[in-house]
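As you go down the protein sequences, you meet chains A and B in turn. When we follow the working numbering, the leftmost residue of the first sequence carries the number 982, and every step to the right adds one. When we follow the working numbering, the leftmost residue of the second sequence carries the number 982, and every step to the right adds one. C-beta atoms are modelled at their ideal positions from N, C-alpha and C, and glycine is treated no differently.
There are 2 protein chains.
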Amino acid sequence: METFDDVRVDRTALEDFITALLTRGGAAEDGARATARAVVDASARGFDTHGVRLATHYAATLAAGRINPNPVLRFTRQAAAVGHLDADNGFGHLPSYRAIDEAIAMADEAGIAAVAVARSSHHGATGCYTMAAAQKGYAAIGMTHADAIVVLHDGVKPFHGTNPISFAMPVEGEEPMLLDMATSSIPLNRVFLRRATGHPLPPEVAVDEAGAVTTDPHKATALLPLGGTTYGYKGAGLAAVVDVLCSAFTGMLHGAALPQFAGPDLSQPAELGHFFIVLRPDVFRPLAEINGRMAAFLADLRGQPAKPGTRVMAPGDPERPLQEDRRRHGIPVDLVTWDALRDLAARHGCTIPEPMGR
Amino acid sequence: METFDDVRVDRTALEDFITALLTRGGAAEDGARATARAVVDASARGFDTHGVRLATHYAATLAAGRINPNPVLRFTRQAAAVGHLDADNGFGHLPSYRAIDEAIAMADEAGIAAVAVARSSHHGATGCYTMAAAQKGYAAIGMTHADAIVVLHDGVKPFHGTNPISFAMPVEGEEPMLLDMATSSIPLNRVFLRRATGHPLPPEVAVDEAGAVTTDPHKATALLPLGGTTYGYKGAGLAAVVDVLCSAFTGMLHGAALPQFAGPDLSQPAELGHFFIVLRPDVFRPLAEINGRMAAFLADLRGQPAKPGTRVMAPGDPERPLQEDRRRHGIPVDLVTWDALRDLAARHGCTIPEPMGR
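Written out as C-alpha cells, the structure reads:
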C-alpha cells in the first residue's frame, strides 16, 4: 500500500456530493449515483487506486463528451442463462451493477448465468460488482478489458490493458472472500505515484519506451504482465482470456483497438466491454455444507505458518484493517484529488462536504 | 521447454497400448481409453509434463487401490445450467470428458453451463477437456484443485496445489486458442527434471523445507505461487478461487486436506474436484462476428513487435511447432517412461508398440 496525505470524509456525504457533482455536470441521476457508489465503495474497501480519485476523471470524461449523460440501457436475454446489456456509452458503473442484477435473476433459475456488457465505459474496480453479488449470497466472476498499457510476453509495445479478473464468494459470518487483481503486477497508477514519491519501482513490473525492463518510474511507459520477464506469458494469457470474453462475446473491439483511457482525446466513447458470470451456490451444494467448507478452508489457510514478521492471508484479507479504519474514521481523499474536487464543486455550484475531525 | 532423449511412437498405437495396459490392470474399458486419450493428447499438444509419462503413475494408482477400476458415473442436473457429476473414484479423465459433454448439452439450451465434478482423481492436463469443448465450437473454462505443493504468499509450508486454470476458444480456420496454466510459476515436475539435469531453477519459483527461496533443485521442496516473492498473492489468490470452486461447489475438501498425489500411500481415493464452465459463443453474438473479432485480435497480437530474437505469441502458440512435429514423427516418450512401460507391458502380457524410425 502507498500512503498519502488526505482528508477524511463521511461516506454518505461523499457519495451524495459526487452524485451531485456529476448530475450538475449533466449526467442522469441513476448513472451518477452508481458511479459515486462504486468509487466510494472502492475507497471504503481500501482500493484507493480505483476509488474517489477517479471521480475527477469521470467528471472530465463527462464534460469532454466521452460519456453519454443520459444513456438508455438495453438488456436482452439471449438464452435462459445469457444476457447482453448495451450500456449506450454512459458511465460503466450503472450497467455493471445492472449486469450483476440481471445475472442473479437468471442464476436463480438456471444456477449460473453470464451477462456481456457492451458499449460501456471505465467501471472503476471490477470487485465492486462481484462483491455486490456476493453480498446477496451469490458467487461471481467479473472482468473488464481496457486500452493498451501492458506489453505482451517478449513484446516491446503495449497491447493488453491491465485486464482485471475478480471473484467474490459469500462467507458466513464475515465479509465475502474477494479477489480483484490486474493481470499485470502493478497498475499504471503505481508508476505515477512512484514518480511523485521518487521511489524506484520493483524489478520486472514495468518497461521503458524501447520495451526494456526498468525500475525508474520516470522512464517507465508501460507495464509487464504478471509473471515478469520469465513467466509473463501467464499474465499475458490471462489478459488475452479477459480480452476475448470482453470483446468477441460482447461485440466490442479488442483492447488494443480501443481509444486511450487517459486521453488526450476524451471526447470519443470508450466502447468497452465487461463480462460477468454469477453462480448460485445452493444449486451446487446445500448451503450449510458450502458454508462449512468455506469456513474450514479459510481457517486452515489463515492458520498456516508464515515468514517472520508476516502472516498468510486469504484474498481480501489485506484490506480488512483499512476497511475497519475507514468505517470508523471516514473515507480518505488524497489532497490532490481533494483540491480538484473543490475546484469542481465551485465550478458546478455544489457544496463539498466538511472533512471529518481526526 | 526441457529436452529429453526419447523414442517416437505412433499416436493410435500408443493410445491403444495404454488402454490395454490399464484394462489388463483391471480398469473398465471406457475409463482406460479416456485416460489413454488424455495423456496421448497432452503429449501430442506438447505438454510432456502431463503427457504419456503419467501413464505409469496411473497404472500404479490403479494397482495400489486409489482408483476404482469400475466406477459408476452419476450425473445429476441440478438446474437448467448446472450439473453435478460423481466420478465414483475412478480415473479423472473419463468424468472430465463427460462433464464437458454434459455442459455442452446444457449450454446448447441455456447459453452457458457449469458442471462440478466430485470424487474424482488426477485428470492430467486440464486443457484436454476445454480443448475438447473448443473443437466442438464451444468456449470453455476448466480447473482442478490438487493436494498441497505451493506455499501461500509469505507462507512457509505448502497449502495450495498447482491448481491450473484453462480456457479454450474456437478460432475459425485454425486450432482453438488454448490457455492452460498452473497458478504456480512452474510445475513440481520441473524441479525433479532439474535435479536430473543439474541445472539450477529460475529465481523466485521454489522454496526449501524452511520456506526460503532457493534455485537449488535438490533443496527445493515446494513451489512459490505465480508472481514470486512480491506478487505471489496474485497466484495464490487465483489458486484459492480454483480451490473454492473445486471443493465448496463440488462437495470435496479443500486441497490442503487431500491425500498426497505422489504417495507414499497410493491406496486411498484422491477425492478430487474439478470445475468446468462451457459457453456457447453464438448465443452471445453472431458466429461470423465472433470469428471476425477473434481473427482481428490474433492477427493484431501476433503482429506486435518483439524483443530481438523472439516473437510475441498468443496462448497456445508456443506449442504449435511441437504439434506439427509430433503429427509427422509420432509421440515422444522419454526413455525412463519407455522402460517403465516396457516393464508394465511384460508384467501384463501386453505388446508394446514398435518405436517409429527417425
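Can the beta-carbon of residue i be found less than 8 Å from the beta-carbon of residue j?
i	j	result
L1226/A	G1213/A	no
R1261/B	D1089/B	yes
A1340/B	A1269/A	In the structure as shown, chain B begins at 982 and stops at 1339. Residue 1340/B is therefore absent and cannot be evaluated.
G1012/A	G1071/A	yes
G1136/B	Q1241/A	no
E1252/A	R1100/A	yes
M1158/B	M1150/B	yes
R1018/A	M1337/A	no
V1132/A	V1188/A	yes
H1235/A	F1265/B	no
A1221/A	L1303/B	no
P1050/B	A1023/B	no
S1165/B	L1207/B	yes
H1134/B	A1237/B	no
What is the rounded straight-line gap between the Cα of residue i and the Cα of residue j?
i	j	result
A1243/B	V1314/B	21 Å
A1080/A	F1140/A	27 Å
I1130/A	D1298/A	28 Å
Q1059/A	L1239/A	26 Å
A1045/A	Y1110/A	26 Å
N1144/B	A1040/B	23 Å
D1246/A	A1095/A	32 Å
D1224/B	R1328/A	51 Å
T1178/A	R1171/A	10 Å
G1273/B	A1191/B	52 Å
A1091/A	E1300/A	33 Å
G1275/A	K1288/A	The question names Gly, but residue 1275/A is Met in the sequence shown. Approximately 24 Å between the Cα atoms of the pair.
V1053/A	V1152/A	35 Å
K1200/A	L1174/A	13 Å
A1280/B	M1294/B	10 Å
F985/B	I1167/A	37 Å
R1047/B	I1146/B	25 Å
Y1119/B	G1154/B	15 Å
I1312/A	T1202/B	44 Å
M1124/A	F1148/B	14 Å
T1332/A	D1324/A	11 Å
G1142/A	P1250/B	43 Å
D1069/B	R1055/B	8 Å
T993/A	I999/A	10 Å
T1196/A	R1176/A	11 Å
T1042/B	A1113/A	44 Å
R1343/B	E1156/B	It is not possible to answer for residue 1343/B, since the shown part of chain B is limited to 982 through 1339.
Can you confirm whether residue i, when its beta carbon is compared against all beta carbons of chain A, has any partner nearer than 8 Å?
i	result
R1100/B	no
F1257/B	no
G1027/B	no
Q1285/B	yes
M1112/B	no
P1262/B	yes
Counting contacts by CB-CB distance shorter than 8 Å, is residue i in contact with chain B?
i	result
L1282/A	yes
K1117/A	no
S1228/A	yes
I1048/A	no
G1179/A	no
T1291/A	yes
M1162/A	yes
K1215/A	yes
T1016/A	no
Give me the DSSP bridge partner(s) of residue i.
i	result
A1041/A	According to DSSP, which records beta bridges pairwise, A1041/A is partnered with nothing at all.
D991/A	According to DSSP, which records beta bridges pairwise, D991/A is partnered with nothing at all.
D1022/A	DSSP, once it has assigned bridges, lists no residue as partnering D1022/A.
H1255/B	V1098/B and T1125/B
H1141/B	V1131/B
S1147/B	G1123/B and D1161/B
V1152/A	E1155/A
I1093/A	L1260/A
L1268/B	L1268/B is not bridged to any residue.
D1067/B	R1055/B and A1099/B
Check whether the Cβ of residue i sits closer than 7 Å to any heavy atom of the ligand ZN, and report yes or no.
i	result
A1120/B	Looking at this structure, you won't find the ligand ZN or any other ligand, since it has none at all.
Checklist entry - With contact counted as at least three CB pairs below 8 Å, one residue from each stretch, are the segment 1102–1117 of chain A and the segment 1242–1259 of chain B in contact? => result The segment 1102–1117 of chain A vs the segment 1242–1259 of chain B: no contact.
Item to check | At least three beta-carbon pairs within less than 8 Å, the segment 1320–1327 of chain B to the segment 1172–1188 of chain B | outcome: Contact between the segment 1320–1327 of chain B and the segment 1172–1188 of chain B is absent, because fewer than three Cβ pairs lie under 8 Å.
Checklist entry - With contact counted as at least three CB pairs below 8 Å, one residue from each stretch, are the segment 1025–1041 of chain B and the segment 990–1003 of chain B in contact? => result When Cβ pairs closer than 8 Å are counted between the two stretches, the segment 1025–1041 of chain B is seen to touch the segment 990–1003 of chain B, the count reaching three or more.
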